[in-house]
Each structure stands twice: as C-alpha cells, then as structure tokens.
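Same order as they appear, the protein sequences are chains A and B.
So the first sequence is numbered by the numbering used here: it starts at -13 and just counts up by one.
So the second sequence is numbered by the numbering used here: it starts at 62 and just counts up by one.
Contents: one structure, followed by commentary.
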Amino acid sequence: MQQIGKQQLSILIIIFLIGSTPLFELGIKAKQDAWIAMALAAAAGLLLSAMYLHIQKRAPKAGLAELYKIHFGRVLGGAAGLLNACWFAYESMRNVRDVGELTTTALLTLTPKWIVMLLILLAAAYTVSKGLEVFVRVAQIFFPIVAVSYALILLLLIITGLPDLHQLRPVLENGFLPVLQTAFPDLVSFPFGQMVVMLVFWKYVGETNKVSRVTYWSQAGVSVFLIVMNIVVMSVLGPELSAISALPLLEVVQLIQLANFMERLDVIVTLLLFIGLYVKMTTLYMAAVFTVNAVTGTAYRHWVMPVGLLIYASSFLEKNNTYHMWIGLDITLKVVPLFQVALPALMLVVGIRKKYKAG
Amino acid sequence: MNKQDAKALTKLSPSLHANVQAIRTRFGGSSDLIVRLFRSDAAPDRELAIAYVDGIVNADTINESVMEPLMSLRLPEYMQRRGGKLLDALRSCVVSVGAVKEISTLEEALQYMADGLCLIMADGAASALTAEVCGGNQRAVTIPQTQTVIRGPQYGFVEDIRTNISLIRRIIRSPNLHVQIHKIGKQTNSNVAVLYLHGIVDEGILKEVYRRLADIDIDGVLESGYIEEFIQDETFTLFPTLLNTERPDTVAAALLEGRVAVMVDGTPIALMAPTNFFTFFQSPEDFYQRYDIATFVRIIRYVSFVLSMLLPALYIAVTTYHQEMLPTTLLISLAAQREGIPFPGLIEALLMEMTFEVLREAGLRMPRAIGPAISIVGALVLGQSAVQAGIVSAGMVIVVSFTAISNFVMPELNMAATSRIIRFALMLMAGMLGFFGIFISVLFLIVHLTSLRSFGVPYMSPLAPGPKMQGVWRDVFVRLPWWAIVLRPMDLNLRNPKRRPSGRKPPAQRHSDKP
C-alpha cells in the first residue's frame, strides 16, 4: 500500500489549502474587515478539522468511504460515499474550468478553451494514475517554488513600501454582523472546509499518531499565512479596488517597480495561480477516484479515466464565465455544507455509541 | 551457463586423438585453432597435447610457462610411480602458470579455449587442464575521451575487463571490494562484472542487480548499453536511470557511496546504480577542486540544464504570444530584427535547432581530417549568412547558440541528450500554447520525474521524497567541504550511512605570531 510521511502530509495540507486562495481577496463583502472574517473562518476551519480528525481516530486505517460504511452501513454509506465522490469531482471540475477561463482571458485569448482544459486535466489524470505517493512528491517539489515566490513578493512589497495599514481602518465600521455573514458559510466552505478531503488521505500516513498534530500545525500555519496575504492585498489596494479586481494579487504585484529591473513579476503570480489550481484539481480528482474505488471495490486504475472524462465533460456545462462564477458563489456554497459539516457531524453523532475495534 | 548445464554435456574421452578431433570439429576447423601434439620427458610413454586459440592468448606465456616445462622437465620418481594421475602431477609440478584448473567435459574445454585459456591434454586421461594464458593485443590505458577533468586522475578504462577491475582494485585496496563475474550472451559469453563494497552496499539493491542480470537472455553483449536497457527500471522514459562513466575514480567514488558498479568486457564504459536525478550534475572534479568553486560550477550546471531545455521555448513563447513580458527597448530591437523574417518564431527556431543537431552529428561522425570544414560551414554559412540573408533573426541565432553551448556543460552525456529531446517538445508546446504550453509540459516532466525509480530509489530524492537524514543536503545543490560531508549521499537504508565521524572540523593552521 502507498504510504506518505508526516512531513509529506504537512506539505500536502499546506499547498492544498493555499491553492490559489491568496490571489483572490476572499471575504471582500466585509470590506476592510475581510481579514477578521478570514480569521473567524480559519478558527472555525480548525474546529471542523478537529471533528474530522476525531472521526478518523475511530478507525485510523479507514478512508472516507470506509468511514461512511462503518457509520451508516453498507448501502447508505456507499451511497454517501458516491455522492461525496461526485462532489469532489465537481470541485475538481471548478478548478479545471478556472484554468480554462483564466488562461483564455489573460494569457491566450485566441486559443480554444477545450484544449487548455484538456491539457491541464491530462496532467492531473497522469498524476492521479501515478498514485498518491507521486503526487505528494510533486507537491514537495512545488513547495519551495511556492514558498520562495510568496516570500519574494512579500519582501519586494515591504521594500517598495506599498502596503499602507491605514487602509484597514476603520475596523468593524458596520458592526460585527457583516463580518460574521461573510465568514459563515462562505469563507468556512472555501478554503478551510475543504480540509474534509483529507479524510480520504489521512489513512495513508505512516505515523498514525502524528496525524492530528501535523494537521493542526499545518492548518494553523496556512491560516496565518492566508490572513497575512489578505491583509497585504487589502492594505495595498484598499477595499474598493480589491472588490472590483479579478485577481487582486496580480494588481498588487504589477505595482511593484524596483530599480527599473524588477518590474514584470506577473509571471510569478501566473505561475502561482497555475500551481495552486493544479494542486487543488488533482487532490480533489484523486480523492474522487479513491472514494469511488473504495465504495465499489474495483481496481483503482480503472477509475482514473472515467472520472477524468466526467470532470472534463461537466466542465463544459456552464455556458460562460459569469455563469461559472454565479454557480460557484451562490449555488455551490449552499450545497457544500452538506459534505463539509452535515455528513461528518452525522457520523460524529452516530458513532458516539458504537464500539470500534482498534485498527 | 545454467542453460548449458541443463543440456547433456559430453564427457572428455580417455583417447587423446578423439578429444583433439572433437575440439577441431566443434571449432569447425578454424584456422586460428592451434593444436599441438608432442611427447616429452615428463611422461615418455604417453602423448600430450596443448590446444589454444591464436591471438587471444599470450604466446610468450605459453612458451615459457607451459611448453618449456612440459618438454624439458622430468617428473620426480615418486610422481612417475603414481601412473594414471599424470595430469595431477603436471598441475602440481610442471606447469608454472598461476591459475590452473582441471575440467572433464568437452563443453567446458571449448568455453575456456574461447575465453583465451590454454588446454593441456594427455593420452589416457579423461580430463584436461586449463592454464590462464590470456593475452593478445589490448589498447593501453589512456586519458578518458569523454569525461575530462583538469584536476584529478588522468586515466580511463580500456576494453579489457581484467585491466578495468585492476584499475579499481588499485584505488580501493581493500578485501571488502567484492567482484562477481557473470557470463551473459549466449554467443558472445561476455564477462559482466558486478562490483560493490561489502559492508556499505545495500543488500537488497545488490540482490536486485543480480536478479535483473540473471534475467537477461540475449545472444550477444557488445557494450554496457545492452545491459543498461535490460536492467533499468523504466524503459519508456527519456531520463537515464543508470550512471555511466569511463573513469575509474568515478566508479570508485560510486562504490564508496554504496552504489553497485557493473562492468562489461569489451567496453570502457561502466554502469553504476542506483542513482538519482541530482547525481547526473556531479562531475568527479567537484570533489577534487575547492568546495566553493565546485558549488558555483554545480549551480551553473543546474541553471544551464534548465536553460538548454527551456530557452528556445521561452523565446518562442515571448516573441509569439507574450510580447508584453519584455522591456520595451528590447521588444523594439527584437521586432526590428524579425522584420522581414518569412517564418513564424516556431519554424525559425525549429529550423535553427535542427541545423545545429545536424552539425553536431556531422561533427561527431566525419573523419578527423575534414573537421575544420565543419566550423567554417557552421559558424559562417549557417550563422552569419543566415541572418544576413534574412532567413533567421540574430536573436534566434544567439538563443540557439547559447542553448547548444549550455548543453555541453553537463558532465553526463546521457542527461544532456535527454534535455536535447525535451527541448524540441517544449518548443512545439510553446509555439502552440505559449507559457501555458511550457507550464503544462514542465508539469508533466515533474510528475514523470517523481514517478521514476532507479533500483527502487526514488529518482528525485532527496528533494521528493525528503531525505531521511538532513545531512544528505550537503552534497546535492552545493558541495560543502569534505569534512562536513558526513553522510553517504544516497538516501538508502545503507548499512553504513556515515562516511566519517561528524563534527570534526580540522583545526586551522596556527600561524605563530610570536617570533
């Protein structure tokens, strides 16, 4: 069986949660208090992770589908597993579509979307077919690139003195309510609630007893980083500009000009964007395949292509980018809590009275 | 040999003439087969014979150590009395060659003769003696042709495997250096030697090497490349998973690091496994010259490897799709150059790259005497004139030339060849999809690289998966001073991961300030 180390788990969590999040100014509905909303959502995200980890502890060598089966029985659990796999595939599809939209609007205006999405999905399918071990290694290779890029951006921003913390004032201008409304459920569902996908992968970690600690620390670290990036973007652009910009971090980086040389850093942002989207897409794709595989009990490799095809086909269902955004921001957010909160909470409750074999 | 054992073996007959006849028949009456029948004082009543293949034996040794003693010596009395054991007597008292062995089957006899041994037979004995008299013409040990260093040993392997093993033995003077010779190739019966340092090598990997070598079933092995393709982990990859070298010091260093070396008779190129991606960026000279210089050069190598793959693709992508990436002045200058160029960037680049590949291959194959012609044709006609004729832009020539040069920085030629092929794929992707195409291709490359293994060792270790021990980093991207490189570089379950005790910086030389 495949096995990953605790360091690899940590990197997977970090790079998955970062994804493409810092490029967007999440929680902009709360205006200059976006970072407070982020902080609240991050705290809630840690609580969610605590719940997931608690469920995982009952059967450390069970994946998401097995956990469903343990708690809800074979049929109901299997159905829940399949449903969840569909959701993973759907979330993966959203990233595929994101790549398609961003590439055709920003980089290659004349290239058809289908080829862009096909290629990135092929890369993801290739990774998925190679298995989890290879994927976490790919994440390990990306990690220094991502870390250095963000560090460089932050460093250059500090040198150029662009961030202006006054942009964050007045704090809580409209009271606490808008902040709460932004944090719940939007920011909890994305990105922090996506930690539910780790229920699929935790069982592959060799050092079972270290899983919780590594997860908490990694998630806490990422949360702090995301909040910092949120503050940075807000303090450079201000609430109004951040709200209308499609990729706020790109705008921020375009402002950096140093010694007539460090100017066109857009490449770094584009690279970060692609890496983030690729990692998210592949993680979710892989989670979908793992779950289907666990529910049906058929060979893993048979499911790589069908799930991939499903993702590819469904990525054409949305007519245009506006539609894509609307579904993402309105419809999806209403469905997501089912998988992130409701089903795990149900498992938690159902499982309280059960006895578990140590395994 | 196992397969031959399975077949019925022919016993040697007690009749000398029958044996000689059998050997002649089996060699098909080859004219370089020498069989000499004679009688000697050693055993006046019985006829003797020696047989060997001319040219692969040392004639002097045969004359001095086999023929002369056989012809002139008289056996001591007590030996004569033992009658039937004539061959025993000859072995212990007469033949003065180092390695003498008694054999009893015709097949063995033929095999040893083909290997360059001399056969000694006596009438009335149903067995024969073989004497090691290997020789014949061999190339002398000279400077390595492909992997040159400025500082370091200046000798390379030759075609003879015995010489090659002796070169290693002369560096590692230890009984822990174990050598196992296998015969591979049904027709060529080539000697393939496995070398390792007992006590350092990982037993599992050693077993795997043996297993894969035993699985090889081929008629002939002419070069270590044959073996490489049989024992590598993955066939459908552009990346080499075995190191090769013609330098004894490189093999010795690999053995000290816990690798296994495989040498093949008939070629100066030895194989080493397992390996990882980063080993291909290490030159033996890295370890001979100062560590700071070595680190600098090593970083240069990584950069030029990436450039030799990516530079033409980046140039195509920027000039075709992402002009806004360039500083304005450079953009204007490039656009001015490209004015009047009839082809799109991709075609222009492919044209120049193909031209260079042809030049390179021609330079390799053409007779030495017309070598200078290629530089004239290459440099003047294809470089300058192509620009003046308006077929390619000057910028493109610069890019292609730099790419070509940076490819030669690689110390391992097979990794350099890999980057040449990948370059073309990247150029195509860049021509079709710009930066996005390059990103996707590199993504595929990274996933592919991380999925590779060399004898079970992940190819991208210690980068991914991370090292088991942090000290491994001291000899990957940088080369720290020797006293700091405590661990053997490979992230294996080596029996003996430490090459020296840690934390022993040599004391600085104290200058005596006081007179």
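Glycine included, each C-beta is placed from N, C-alpha and C at the ideal position.
Quantities reported herein were computed from a predicted structural model and do not represent experimental measurements.
Item                                                                                                               : Value
Cα-Cα separation between Ile127 (chain A) and Ser78 (chain A), rounded to whole angstroms                          : 21 Å
Cβ-based neighbour list, Gly246 (chain B), same chain, cut-off 7 Å, excluding 5 preceding and 5 following          : Ile279, Asp280, Gly281 and Val282
Where Met471 (chain B) falls: helix, strand or coil (DSSP)                                                         : coil
Rounded straight-line distance, which links the Cα of Leu235 (chain A) to that of Leu441 (chain B)                 : 49 Å
Boundaries of the beta strand (DSSP E) in which Ser251 (chain B) is found, first to last residue                   : Ser251 to Leu258
Nearest-angstrom Cα separation, counted from Ile501 (chain B) out to Gly345 (chain A)                              : Residue placement at Gly345 (chain A) is flagged as unreliable, the pLDDT there being 41, under the threshold of 50; a coordinate-derived value is accordingly withheld.
Contact the region 511 to 530 of chain B vs the region 259 to 271 of chain B: 3+ CB pairs below 8 Å                : yes
Cβ shell of Leu26 (chain A) (< 6 Å), same chain only, five flanking positions each side left out                   : Ala169
Straight-line gap, Thr113 (chain A) to Ala285 (chain A) (C-alpha atoms, nearest Å)                                 : 17 Å
Exposure label - Asn63 (chain B); buried when at least 16 CB within 10 Å                                           : Below a pLDDT of 50, predicted positions are generally treated as unreliable, and Asn63 (chain B), at 47, falls in that range; the measurement from the model is reported next regardless. That one is exposed.
6 Å CB neighbourhood of Phe218 (chain B) in its chain, flanking five on each side removed                          : Asn225, Glu307 and Pro329
Counted within 10 angstroms of its Cβ, other Cβ atoms place Trp289 (chain A) as buried (16 or more) or exposed     : buried
From A:Asp316, A:Thr256, A:Leu32 and A:Gly337, residue whose alpha carbon lies closest to that of Met386 (chain B) : A:Thr256
Simplified DSSP state of Pro323 (chain A), which is helix, strand or coil                                          : helix
Which of helix, strand or coil DSSP assigns to Lys305 (chain A)                                                    : coil
Contact between the region 196 to 216 of chain A and the region -5 to 14 of chain A (3+ Cβ pairs under 8 Å)        : yes
Beta-carbon proximity of Trp472 (chain B) to Ser369 (chain B), cut-off 8 Å                                         : Rather than Trp, the amino acid found at residue 472 (chain B) in this sequence is Pro. No; because the gap between Cβ atoms is not below 8 Å, this pair is not in contact.
Alpha-carbon spacing of Ala410 (chain B) relative to Gly262 (chain A), whole angstroms                             : 32 Å
heavy atom of the ligand PLP below 7 Å from Ala25 (chain A) C-beta                                                 : Of ligands this structure carries none, so the ligand PLP is not represented either.
Simplified DSSP assignment, three categories, for Thr71 (chain B)                                                  : coil
Cβ-based neighbour list, Gly532 (chain B), same chain, cut-off 7 Å, excluding 5 preceding and 5 following          : Val547 and Leu548
CB contact flag (Leu94 (chain B), Asp184 (chain B), <8 Å)                                                          : no
His239 (chain B) (DSSP reduced to helix, strand or coil)                                                           : strand
Inter-residue Cα distance where the pair is Gln398 (chain B) and Ala447 (chain B)                                  : 13 Å
Test item: CB-CB of Phe342 (chain B) and Phe357 (chain B) under 8 Å                                                : no
Three-state class that DSSP yields for Asn279 (chain A) in the structure shown                                     : helix
Residue of A:Ile(-10), A:Ser(-4) and A:Lys17 minimising C-alpha distance to Ala229 (chain A)                       : A:Lys17
Proximity winner among A:Lys116, A:Asn81 and A:Asp19, relative to Val102 (chain A) (alpha-carbon distances)        : A:Asn81
Assigned exposure category for Phe469 (chain B) - 16 Cβ within 10 Å defines buried                                 : exposed
C-alpha gap between Phe404 (chain B) and Glu414 (chain B), whole angstroms                                         : 14 Å
Cβ neighbour criterion (16 or more within 10 Å) applied to Met291 (chain A)                                        : exposed
N-terminal and C-terminal residue of the beta strand (DSSP E) that Thr191 (chain B) is part of                     : Ala189 to Glu193
Chain A contact residues for Pro562 (chain B), given Cβ-Cβ distances below 8 Å                                     : Chain A residues near Pro562 (chain B): none, gap ~27 Å exceeds 8 Å.
Rounded separation between Gln205 (chain A) and Ala314 (chain B) - CA only                                         : 43 Å
For Pro558 (chain B) and Gln65 (chain B), the rounded distance between their alpha carbons                         : With a pLDDT of only 49 at Gln65 (chain B), under the threshold of 50, the placement of this residue in the model should not be trusted, and no figure is reported.
Status (buried if at least 16 other CB within 10 Å, exposed otherwise) for Ser285 (chain B)                        : buried
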